[in-house]
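Quick note: the sequence shown, position 274, residue 273 per numbering that gives the first Met the number 0, numbers continuous.
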Amino acid sequence: MNTIEITEQYSMKAFGRIPLTEAKAKNCICFDENGKKYIDFGSGIGCNVLGWCNEAWADAVCNQVRTLQHACNYYYTKPQAELMEKLAKATGFKRMFLGNSGAEANECAIKVARKYSSDRYGKERGTIISLVNSFHGRTLATLAATGQDVFHQYFYPFPTGHVFAEANSLEDLQAKLDDSVCGIMIELIQGEGGVCVMDQEYVKAVRKICDEKDIILIIDEVQTGGGRTGTLLLQEQYGIQADVTTMAKAIGGGLPIGVCLVNEKCEDVITPGTHGSTFGGNPVACAGAVAVLDQLLAPGFLDSVMEKAAYLRSELEKMPEVTELSGIGMMIGMTLKSKDAHDVMLQANDAGLLVLTAKNKLRLLPPLTITKEEMDAGLAILRQLLA
Ligand SMILES: *Cc1c(COP(=O)(O)O)cnc(C)c1O
């Protein structure tokens, strides 16, 4: 049996996979088991932010694997310390908790909001408002916080205390606000929801409401963070800072890591014994993340992301089949005039291009290290498919 057949025989059927076995890759070029070549416009859903097998990242990871691969959190490790110091300095957040995925980071964020509130106001103030069409993860609490009915099936009973407000509607948010609310949790661009961008005015107003009512503003930057939109965190472009923010996908450069960052207000919420993770802050993942941060923060790198995004967007706009482009920077949603995004994705695979979909849009999350040649090669395939 081949890789696909074995996987299909033994894995739980969680994923509707595409029949393609990724075997070997470098930067934005991947080869399948048969040696067929693909240009990558998806970066493993935004995780391979420095492309595949980036040299400095691979060196950092391999050196760490051979030095000290795991330490339990009863002890300290240097890669953890280095990552946290760099991330705090680069983002302005005071403290963080290191976990292993976006969902875990969001679980931590929900716990921080609830404990902040219970420490001050008691038990009856634990409601989290999140937005309709959001996506926050696959654990039970993050599913409960995800504002899409399709995710609220089968796994009853779900954790309670989750309420949804329409995205970009202050009116609906005001209507849902009551004395039980301890946190408001938003994505600045709803990624899985279809690359839908939140309005600047709306986000600023949400920040103000949270300040006035001592509600914790949680910004889920699991997909938008890590340089994807041309800044380390997208909230920088909104001119605000969350009380709690989460990062995952890109920051690991392809290894599992999730980070929940808190500002001064929340810095003392988590106390010994109230949160934890066996693998969280794993030194190999942290050493990789340090290498990712070093490259993202190198002078000129994030500017180059914006330049690449501008080039890609200007070329995509010229395609008559593309009626609308959404997103910011290298997080791109494409609305198609008559073609089905899922069909186009499958055709693109056949033609040697990896792309994603989000709802009814094509979604591009290219590695931020993509070269002009790689962009042009991918664009040529898209141009032909969308002709
Ligand atoms: C991917 C994603 C998550 C979940 O991350 P996992 O690492 O899959 O748990 C949460 N929030 C957003 C916005 C995401 O894009």
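The beta carbon of each residue, even a glycine, is placed where N, CA and C say it ideally should be.
Open item on the list: The alpha helix (DSSP H) that contains Asp-171, what's its start and end?
Closed with: As a working note, residue 171 is residue 172 in the sequence shown. For Asp-171, the uninterrupted alpha helix (DSSP H) run begins and ends at 169 to 175, by DSSP.
Task: First and last residue of the uninterrupted beta strand (DSSP E) at Met-389 - done: Coverage of the chain is limited to positions 0 through 386, which leaves residue 389 absent and any answer about it impossible.
TODO: Tell me whether Ser-42 counts as near ligand 1, meaning its Cβ is closer than 6 Å to at least one heavy atom of that ligand.
DONE: Taking the first residue of the sequence shown as position 1, residue 42 is located at position 43. Taken from the Cβ of Ser-42, every heavy atom of ligand 1 lies 6 Å or farther away.
Open item on the list: Quick check: is any heavy atom of ligand 1 less than 6 Å from the C-beta of Ser-129?
Closed with: Numbered from its first residue, the sequence shown carries residue 129 at position 130. Because no heavy atom of ligand 1 lies under 6 Å away, the Cβ of Ser-129 does not count as near it: no.
Open item on the list: By the DSSP assignment, the beta strand (DSSP E) with Val-398 in it spans what residues?
Closed with: Look at the range of the chain in this structure, 0 to 386, and you will see that residue 398 is not part of it.
Open item on the list: Using CA atoms only, rank isn't needed, just tell me which of Thr-370, Leu-367, Val-268 and Gly-193 is closest to Lys-114.
Closed with: To locate residue 114, count along the sequence shown from 1; it is residue 115. Minimum Cα distance to Lys-114 is reached at Val-268.
Open item on the list: In the DSSP output, what is Val-162 paired with across the bridge?
Closed with: The sequence position of residue 162 within the sequence shown is 163, counting from 1. Answer is Ile-128, bridged to Val-162.
Open item on the list: Since Leu-254 and Met-318 should fall inside the 8 Å C-beta cutoff, what is the C-beta to C-beta distance between them, to a whole number of angstroms?
Closed with: Numbered from 1 along the sequence shown, position 255 holds the residue referred to as residue 254. Numbered from 1 along the sequence shown, position 319 holds the residue referred to as residue 318. Contact annotation, Leu-254 with Met-318: C-beta distance approximately 35 Å; criterion of less than 8 Å not satisfied.
Task: Rounded C-alpha distance that separates Val-66 from His-274 - done: Numbered from its first residue, the sequence shown carries residue 66 at position 67. Numbered from its first residue, the sequence shown carries residue 274 at position 275. Correcting the residue identity first, residue 66 is Thr in this sequence and not Val. If you take the alpha carbons of Thr-66 and His-274, they lie about 28 Å apart.
TODO: Rounded to whole angstroms, what's the CA-CA distance from Gln-63 to Met-83? Just pull it up for me.
DONE: What you label residue 63 is simply residue 64 of the sequence shown in a count that begins at 1. What you label residue 83 is simply residue 84 of the sequence shown in a count that begins at 1. CA-to-CA, the gap between Gln-63 and Met-83 works out to about 17 Å.
- [ ] Compute every distance between the C-beta of His-388 and the non-hydrogen atoms of ligand 1, then say whether any falls below 6 Å.
- [x] Residue coverage of the chain in this structure runs from 0 to 386, which leaves residue 388 outside it and unanswerable.
Task: CA-to-CA distance, Leu-172 to Gly-377, given in whole angstroms - done: The residue you call residue 377 lines up with position 378 of the sequence shown. The residue you call residue 172 lines up with position 173 of the sequence shown. C-alpha of Gly-377 to C-alpha of Leu-172: approximately 41 Å in a straight line.
Open item on the list: Which residue wins for smallest C-alpha separation from Ala-204, given the options Asn-262, Ile-185, Asp-219 and Glu-372?
Closed with: Start at 1 with the first residue of the sequence shown, and residue 204 comes out as number 205. Minimum Cα distance to Ala-204 is reached at Ile-185.
Open item on the list: Using the Cβ count rule (16 or more neighbours within 10 Å means buried), how would you classify Ser-313?
Closed with: As a position in the sequence shown, residue 313 is number 314, starting the count at 1. Note on Ser-313: under 16 other CB atoms within 10 angstroms of its CB, so exposed under the neighbour-count rule.
Open item on the list: Please report the distance separating the alpha-carbon of Ser-10 from that of Asn-26.
Closed with: The residue given as residue 10 occupies position 11 in the sequence shown. The residue given as residue 26 occupies position 27 in the sequence shown. Their Cα atoms are separated by approximately 28 Å.
TODO: Using only the heavy atoms of ligand 1, determine whether one of them is closer than 6 Å to the beta carbon of Gly-190.
DONE: One-based indexing of the sequence shown puts residue 190 at position 191. Within the chosen limit of 6 Å, ligand 1 reaches the beta carbon of Gly-190 through at least one heavy atom.
Task: As assigned by DSSP and simplified to three states, the class of Arg-382 - done: The residue given as residue 382 occupies position 383 in the sequence shown. It is helical.
TODO: Take Glu-191 and list the residues in its own chain whose beta-carbon comes closer than 7 Å to its own, dropping the five residues that flank it on each side.
DONE: Locating residue 191 in the sequence shown gives position 192, counting from the first residue. Once the five neighbours on either side are set aside, the close Cβ partners of Glu-191 are Phe-134 and Ala-357.
TODO: Could you pull the start and end residues of the alpha helix (DSSP H) that Arg-119 belongs to?
DONE: Counted from its first residue, the sequence shown places residue 119 at position 120. In this chain, the alpha helix (DSSP H) harbouring Arg-119 covers 101 to 120.
TODO: Could you tell me which uninterrupted alpha helix (DSSP H) segments, each at least 4 residues in length, are contained entirely in the segment 272 to 298, listed from first to last along the chain?
DONE: DSSP runs (the alpha helix (DSSP H)) wholly in the segment 272 to 298: 282 to 295.
Task: Residue nearest to Gly-98 in terms of C-alpha spacing, selected from Glu-21, Thr-277, Lys-264 and Gln-189 - done: Stepping through the sequence shown from its first residue, residue 98 is reached at position 99. Taking Gly-98 as reference, the option from Glu-21, Thr-277, Lys-264 and Gln-189 with the minimal CA-CA separation is Thr-277.
Task: Contact test: Gln-222 Cβ vs ligand 1 heavy atom, cutoff 6 Å - done: Residue numbering aside, residue 222 sits at position 223 when the sequence shown is read from its first letter. A distance criterion of 6 Å places the beta-carbon of Gln-222 in contact range of ligand 1, judged by its closest non-hydrogen atom.
Task: Distance between Pro-156 and Gly-299 (C-alpha atoms, nearest Å) - done: In the sequence shown, the residue the question calls residue 299 occupies position 300. In the sequence shown, the residue the question calls residue 156 occupies position 157. Taking the straight line joining both Cα atoms gives about 49 Å.
Open item on the list: Using the Cβ count rule (16 or more neighbours within 10 Å means buried), how would you classify Ala-174?
Closed with: Stepping through the sequence shown from its first residue, residue 174 is reached at position 175. Exposed: under 16 other Cβ atoms inside 10 Å.
Open item on the list: Would Cys-29 and Lys-248 qualify as a contact pair, given that the criterion is a beta-carbon distance under 7 Å?
Closed with: Residue mapping note: residue 29 aligns to position 30 of the sequence shown, counting from 1. Residue mapping note: residue 248 aligns to position 249 of the sequence shown, counting from 1. Contact: no.
Open item on the list: Would you say the beta carbon of Gly-186 is closer than 6 Å to some non-hydrogen atom of ligand 1?
Closed with: Along the sequence shown, read from residue 1 onward, the residue named residue 186 stands at position 187. As written in the sequence, residue 186 is Glu, which differs from the Gly given in the question. Yes, the beta carbon of Glu-186 sits closer than 6 Å to at least one heavy atom of ligand 1.
Open item on the list: What does the alpha-carbon distance come out to for the pair Ala-164 and Val-131?
Closed with: One-based indexing of the sequence shown puts residue 164 at position 165. One-based indexing of the sequence shown puts residue 131 at position 132. Straight across, the Cα-Cα distance linking Ala-164 with Val-131 is about 6 Å.
Task: Inter-residue CB distance, Gly-224 and Met-246 (contact presumed, cutoff 8 Å) - done: Sequence index remark: in the sequence shown, residue 224 carries index 225 (1-based). Sequence index remark: in the sequence shown, residue 246 carries index 247 (1-based). Confirmed, Cβ separation roughly 4 Å.
Open item on the list: Considering just the uninterrupted stretch of the beta strand (DSSP E) at Leu-315, what are its terminal residues?
Closed with: Here residue 315 refers to the residue found at position 316 when the sequence shown is read from its first residue. Counting along the chain, no beta strand (DSSP E) covers Leu-315; the unbroken alpha helix (DSSP H) around it starts and ends at 300 to 316.
Open item on the list: Nearer than 6 Å: is that true of the beta carbon of Gly-91 relative to any heavy atom of ligand 1?
Closed with: As a position in the sequence shown, residue 91 is number 92, starting the count at 1. False, no ligand heavy atom lies under 6 Å from that Cβ.
Open item on the list: Please give me, in chain order, every unbroken run of the alpha helix (DSSP H) with length at least 4 that falls completely inside the segment 224 to 249.
Closed with: Runs of the alpha helix (DSSP H) lying entirely within the segment 224 to 249 and spanning at least 4 residues, in chain order: 234 to 237.
Open item on the list: Does the beta-carbon of Ser-100, which I'm using as the reference point, lie nearer than 6 Å to any heavy atom of ligand 1?
Closed with: Within the sequence shown, numbered from 1, the residue matching residue 100 stands at position 101. For Ser-100, the distance from the CB to the nearest heavy atom of ligand 1 is below 6 Å.
TODO: Report yes or no: do the segment 73 to 80 and the segment 282 to 298 share at least 3 C-beta pairs separated by less than 8 Å?
DONE: Below 8 Å, enough C-beta pairs join the segment 73 to 80 and the segment 282 to 298 to call them touching: three or more.
Open item on the list: On the CB-based measure, 16 or more other CB atoms within 10 Å of its CB, does Arg-119 come out buried or exposed?
Closed with: On the sequence shown, position 120 is the one that residue 119 refers to. Label assigned to Arg-119: exposed.
Task: Coil, strand or helix - Thr-368 by DSSP - done: For the purposes of this step, residue 368 is identified with residue 369 of the sequence shown, where counting begins at 1. Three-state DSSP puts Thr-368 in coil, outside helix and strand.
Task: Lys-336 - containing beta strand (DSSP E), residue span - done: Taking the first residue of the sequence shown as 1, we reach residue 336 at position 337. Premise fails: Lys-336 is in no beta strand (DSSP E) and is neither H nor E.
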